[in-house]
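Peer 1:
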Amino acid sequence: MREDSEVGKFRELFENRDSIAAEWKTKSGRKIVGCISTYVPEEIVYAAELLPVEIIGKPGTYAKADAYLPSFSCSFMRGFLEKLLEKEYEYLDLVVLPSLCDSIWGFYSIWQELSSDDRTYLLHYPSQRSKEALNYFSEVVERFKTFIETFSNRDISEKDLGAAIEVYEKNRRLLKSLYELRKKESPPISGVEALEVVLSSMTTPKHLHNQLLEGLLGEIDRRDEYPKGSTRLLVSGHIIDDPDVLRVIEDSGGIIVADDLDTGSRYFWSLADGAAKPVESISRRYFELPSPYGSSFEHRIKYLMAMVKAFGVQGVVFPTRKFCDPYLFDYVALGHALKKEGVPSLLLEYEYPLARGSLRTRVEAFVEMLR
Amino acid sequence: MTGSTRRTLSGAREVTDLVVAHYMSALQAHNEGRHVAWSTAVAPPSEILYSMGVQPLFPENYACVSTVMKATSNMFDASEAHGLSRDLCSYTRCVMGSVLGCDAPLGGMEKPDVLISTKNVCITYLKWWQLMADTLKCPLYVLDCPRITEEIQESHVKYVAKQLRDLGLKLEKITGRALDEEKLKEAVRLSDKAAELWRKVFEHRRSKPCPVGVTDSSAAMFPIVASAGTTEAVEYYERLLSEVSERVKEGVGVIEDEKFRLLLSGIPFWHHLSLFNYLEDKYKAVFVHELYTATWGIANLNPTKPFDSLAFKMLFNPTNMPQTWLEKWVVKIVKDFSVDGMVLLSSRSCKATSILNIAVQKFLREKHGIPSVILEADHTDERAYSDAQAKAKLDIFMEVLGAR
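Top to bottom, those sequences are chains A and B.
With the working numbering as the guide, the letters of the first sequence map in order to residues 1 to 371.
With the working numbering as the guide, the letters of the second sequence map in order to residues 1 to 404.
1. For residue 120 of chain B, does the count of other Cβ atoms within 10 angstroms reach 16, so buried, or fall short, so exposed?
2. Does any C-beta atom of chain B lie closer than 9 angstroms to the C-beta of residue 115 of chain A?
3. Can you say whether residue 389 of chain B is buried or exposed, counting buried as having 16 or more other CB atoms within 10 angstroms of its CB?
4. Taking the straight line between their C-alpha atoms, what separation do you get for residue 2 of chain B and residue 74 of chain B?
5. For residue 245 of chain B, which residues from the same chain have a beta carbon less than 7 angstroms from its beta carbon, with the 5 sequence-adjacent residues on both sides left out?
6. Could you check whether the Cβ of residue 269 of chain A sits closer than 9 angstroms to any Cβ belonging to chain B?
7. Looking at the structure shown, is residue 214 of chain A part of a helix, part of a strand, or coil, going by DSSP?
8. Find the residues of chain B that neighbour residue 82 of chain A, judging by a C-beta separation of less than 7 angstroms, and give them in chain order.
9. Measure how close the beta-carbons of residue 301 of chain B and residue 234 of chain B come, nearest whole angstrom, since I'm counting them as under 8 angstroms.
10. Using a Cβ cut-off of 8 angstroms, which residues of the segment 352-369 of chain B contact any Cβ in chain A, in chain order?
11. For residue 103 of chain A, which residues in chain B fall below 8 angstroms Cβ to Cβ?
12. Am I right that residue 39 of chain A and residue 100 of chain A are in contact with their C-beta atoms under 8 angstroms? What's the rounded C-beta distance?
13. Near residue 331 of chain A, what residues of its chain come up, given a Cβ to Cβ distance below 7 angstroms and the 5 sequence neighbours on each side ignored?
14. Since residue 124 of chain A meets chain B, which of its residues come closer than 8 angstroms, beta carbon to beta carbon?
15. Could you tell me whether any non-hydrogen atom of the ligand SAM is closer than 8 angstroms to the CB of residue 68 of chain B?
16. So if I threshold CB-CB distances at 7 angstroms, which residues from the segment 68-102 of chain B count as touching chain A?
17. By the criterion of Cβ-Cβ separation under 8 angstroms, what are the contact partners of residue 322 of chain B in chain A?
18. Assign residue 2 of chain A to one of two classes, buried (16 or more other C-beta atoms within 10 Å of its C-beta) or exposed (fewer than that).
19. If you compare alpha carbons, which of B/238, B/208, B/194 is closest to residue 229 of chain B?
20. I'd like the list of long-range same chain contacts for residue 125 of chain B, defined as Cβ closer than 7 angstroms, with 5 residues on each side in sequence excluded.
21. Is DSSP giving residue 3 of chain B helix, strand or coil here?
22. Taking any Cβ of chain B, which residues in the segment 316-342 of chain A have a Cβ under 8 angstroms from it, in chain order?
23. Distance check for residue 374 of chain B and residue 399 of chain B, CA to CA, integer angstroms please.
24. Can you give me the Cβ contacts of residue 268 of chain A inside the same chain, cut-off strictly under 8 angstroms, excluding the 5 residues immediately before and after it?
25. CB-CB under 6 angstroms to residue 306 of chain B, same chain, minus the five flanking residues each way: which ones, in chain order?
26. Below 7 angstroms CB to CB, which residues in the same chain sit around residue 147 of chain B once its five sequence neighbours on both sides are set aside?
27. Counting only beta-carbon atoms, is residue 347 of chain A nearer than 9 angstroms to chain B?
28. Helix, strand or coil for residue 12 of chain B per DSSP?
29. Expressed to the nearest angstrom, what Euclidean distance is found between the alpha-carbon atoms of residue 12 of chain A and residue 63 of chain A?
30. When you compare each of B/86, B/213, B/395, B/243 to residue 283 of chain B by their alpha carbons, which one comes out closest?
31. Determine, for residue 293 of chain A, whether the minimum Cβ-Cβ distance to residues of chain B falls below 9 angstroms.
32. Rounded to whole angstroms, what is the Cα-Cα separation between residue 271 of chain B and residue 90 of chain B?
33. Distance check for residue 257 of chain B and residue 392 of chain B, CA to CA, integer angstroms please.
34. Please name the residues in the segment 347-368 of chain A whose beta-carbon is closer than 9 angstroms to at least one beta-carbon of chain B, in chain order.
35. So the beta strand (DSSP E) residue 381 of chain B belongs to, where does it begin and stop?
36. Can you give me the C-alpha to C-alpha distance between residue 92 of chain A and residue 326 of chain A, rounded to a whole angstrom?
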């Protein structure tokens, strides 16, 4: 199946991200920056010719991390700390974390003390949406740019940044085109596959990802076998760094046709406004993302409902890590708003190791109800 | 902050009446045509509110009062039925129960005209207040506070101060009253005075025997949280300080034959304050300092620069400061107050005050030789607490301390 191998490339990219990154580093002699891609202005990192990659929490045991973080901090930060302590992330020269939540702040405080060199940067992410907060955030982004310039030993000109923005905007537009195909009655790509495409975008040099995406878009329609499942679902929530979480959902008879995920549409749906000053343009884009970290509920609901309508969604699933406070809170507001609109929803709390059986049963019951 | 736990100071016993008066004052404010604001409790801008005749109430405090009154269970049920996960902040789940309309102590909190929040402690502050704004259809003002990774810089202060000025303008619109900068300066002066007196009370706790214990200070912290910026708070701490000074002069301690001096971190398990008395009775162990209750007294304010001072106060709280600062602070307290060991309370639903406990315990032991014990439960939700387990863990810890 020639066509399927195109989609398969993205899975390979994601699954082999560590060795690919290490190889890139050896070949280029340049530095790699781990970050939470959706909230860190990666364009600046890219413009300095560094490689920004999404950090991934390792699902499984947390033997080493347990010596520092309690079981009630989120498993994403615990998993990431475990990987660092297990020396599985030696290729990261810097970790940039946005100040989103208490687990990130806790992790940051601990890692500051543990890491021998100064390789963690906390980027302030505003908790409200006033003009004042936007101005301050622009200053924060400007300071981050200066920091990256020093770190990479390379000046970032407006032209460099403009070029980086162009590459990123192209990636966003291509990802949107791919998502558009999922509006069809029979979507050519599954939710798991779409997630792998987005995750690989976060861990692969963008220009390379753009080439692969163009290839995929040229072929995906001619795929031999379309994904199964007829009940149209949307998944809403945080970083899903493990395709298995969505696999459990799609194994239960539904097909995920859209999302409102940090590792999904939130990463690329909104485009930069093309303002004259690149830093301002970038700042505004990140500032205005509909997220639990400072947007109003109305903003998030509006975005979610627009997705539900545009993609003909029958039901919404909130796959939510245990102890992820911001998203557990937002579920309350979003769940009630959906109910008002007549859209059924399901909160699917999960933790590692994944309790596949019971998760699957819950989604199956939900999907049956939607039929 | 009320309840059956043993309080040794008359200043601490007095608080029960102050709590009731505080909640009544909101009712009175509405009767007088003044406004009520619900604010987050760690370094709130109460000085601005009081100077404008707005009565602040603090949902966190209300949760703690409800817990001591053993009135939380139906409130938790209502919140959880509404969709709040049981892993979310138990203060939130308690107050949201009342907001959603179930029976609550003191007839529930007087409804707010404005909500004021910030993320200077936790993301929960932001989300909880958004949820209340949504449910109560009440305007919400969020102050964006940057986390401090090294030191508080002028840019941080300037940014928060500007937002505080903006809050003043918003309140002018809501209340129809002008913000009088002279009145604000006076409120900041009073707040600074109260904080200074509170610090002096703490200083006396260096004495042996220690004149103030944790059950006293957990009650006596109420005015500095709820009434910072008022003459009542200053008068209260003047009375408290004179009572404590008298004790020191006479060599009176919380327990006379004091054997162990402990430091507490975290929010007290309000449903079982008696746990502290257990340590006093069985081991002659007294808490000579608490990071939590001390939080409200650590910032110096400059009344001539009211907005900058209040901004600084919001930024400068232990949960917003880097772990390096926290570690230094703890080590200094241990030295200054002749602390034998530390008790770290971990609340499963409060990451802000608990997430560093395991790391702090390790760093304190390995780098400074300070022994500590972690108790894991929940500050408000009694269902997550086992008295037998907590006591068993303390027994082991006290045995180890005794052997040192």
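By construction, the Cβ of each residue, glycine as well, lies at the ideal position given by its N, Cα and C atoms.
Peer 2: So, from the listed chains and residues:
1. buried
2. Cβ-Cβ to chain B under 9 angstroms: no for residue 115 of chain A.
3. exposed
4. Residue placement at residue 2 of chain B is poorly supported in this model, since its pLDDT is 36, which falls under 50; the coordinates are not used for a value here.
5. Cβ-Cβ distances below 7 angstroms link residue 245 of chain B to 204 in the same chain, with the five nearest sequence neighbours on each side left out; the list follows chain order.
6. no
7. helix
8. Result: empty, since nearest Cβ-Cβ is about 14 angstroms, beyond 7 angstroms.
9. Contact doesn't hold; Cβ gap of about 13 angstroms is too wide.
10. Contacts with chain A (Cβ-Cβ distance below 8 angstroms) from the segment 352-369 of chain B involve 352, 354, 355, 356, 357, 358, 359, 362, 363, listed in chain order.
11. 351, 355
12. Correct: roughly 6 angstroms between the Cβ atoms.
13. 318, 320, 347
14. 146, 147
15. Only the bare structure without any ligand can be found here, which leaves the ligand SAM out of the picture.
16. Listed by position, the residues of the segment 68-102 of chain B near chain A (Cβ gap below 7 angstroms) are 82, 83, 84, 85, 87, 88.
17. Going along chain A in sequence order, the residues near residue 322 of chain B (Cβ under 8 angstroms) are 109, 112.
18. Model confidence at residue 2 of chain A stands at a pLDDT of 42, short of 50, so the residue's coordinates are unreliable and nothing is read from them.
19. B/194
20. The residues are 40, 117, 118, 119.
21. Since pLDDT at residue 3 of chain B reaches only 37, below the 50 mark, its modelled position is unreliable, and the value read off the structure follows with that caveat. DSSP places residue 3 of chain B in coil when its eight states are reduced to three.
22. Listed in sequence order: 322, 323, 325, 326, 328, 329, 330, 331, 332, 333, 335, 336.
23. 15 angstroms
24. 171, 172, 175, 176, 198, 201
25. 184, 185, 188
26. Here the set comprises 320.
27. yes
28. helix
29. 28 angstroms
30. B/395
31. The beta carbon of residue 293 of chain A falls within 9 angstroms of a beta carbon belonging to chain B, placing the residue at that interface.
32. 12 angstroms
33. 23 angstroms
34. 347, 349
35. Counting along the chain, residue 381 of chain B falls outside any beta strand (DSSP E), and DSSP gives it neither H nor E.
36. 27 angstroms
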